[in-house]
Amino acid sequence: MKMTRSRAQDLNACGVTAAVAVIDGKWKTILLWLLEAGPRRPGELRRRLPGLTEKVLTQTLREMEGDGLVHREVHDVRPLKTEYSLTEFGRELSEALAPLSDWGHRRLEKLAEANRSLDASPTSPAHSNLTVLQSSPIKLQATPVRPTSTHKKVAISSR
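Quick note on this note's numbering: the sequence shown kicks off at 15 and runs consecutively.
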């Protein structure tokens, strides 16, 4: 168990620490976003998130269920059909994260602007005749995250 997971149960932790402990992890915020649109089956979630293994998806959804964010419903049909949906508590968290998401996007826009300024600078390595070893610059690509809102998902990758 990660240290932040144990903080999710610590009654003496500050509120921000308790909240961050619940969303800590690579996949939780994106799973919250995907479940905002309605119930989803595990296979659908995996298809939407390349790189997410079945084992990690199951562990993550169980943690989220334990934290009261998602509801797991098993339909009594053959083969068994399992669906996950947000609880009211999960929806509250998702709404609370929206302003933080907006702040994060503004920060990323500032970083992108700073990178563009560096690339355009006549003294930058890109404009120099010298061969300089440098780390790969960050490439930002904005794609919509919430189809019905103004939030954006920004993918960060190296060139």
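Virtual Cβ for every residue (Gly too), placed ideally from N, Cα, C. Please read these numbers as outputs of a predicted model, since none were measured by experiment.
Once you ignore the five residues that flank THR74 on each side, which residues in its own chain have a CB closer than 7 Å to its CB? GLY39, TRP41, LYS42, LEU45
How would you call ARG92, buried or exposed, if buried means at least 16 neighbouring beta carbons within 10 angstroms? With fewer than 16 other Cβ atoms inside 10 Å of its own Cβ, ARG92 counts as exposed.
With distances taken between CB atoms, is the gap from GLU87 to GLU97 smaller than 8 Å? Against a cut-off of 8 Å, the Cβ pair of GLU97 and GLU87 comes out as a contact.
With 16 as the cutoff for other CB atoms within 10 Å, does LEU83 come out buried or exposed? buried
Please classify LEU49 as buried or exposed, where buried requires at least 16 other C-beta atoms within 10 Å of its C-beta. buried
For the beta strand (DSSP E) that contains LEU100, what are its first and last residues? Counted as a single uninterrupted DSSP element, the beta strand (DSSP E) harbouring LEU100 occupies residues 95–100.
Would you say THR74 faces chain C, with C-beta separation under 8 Å as the test? In the displayed structure, chain C is absent; only one protein chain is listed.
Is the beta carbon of LEU100 closer than 8 Å to that of SER108? Yes, they are a contact pair.
Drop a sphere of 10 angstroms on the beta-carbon of ALA134, count the other beta-carbons inside from all chains shown, and report buried for 16 or more, exposed for fewer. Answer is exposed; the Cβ neighbour count stays below 16.
State the DSSP-derived secondary structure class of ARG92, mapped to helix, strand or coil. coil
My output table needs one value for ARG86: the three-state DSSP class, helix, strand or coil. strand
Below 8 Å on the Cβ atoms is my contact criterion, and I expect VAL36 with ASP81 to pass it. Report the Cβ-Cβ distance as a whole number of Å. Contact between VAL36 and ASP81 holds: their C-beta atoms lie close to 5 Å from each other, under 8 Å.
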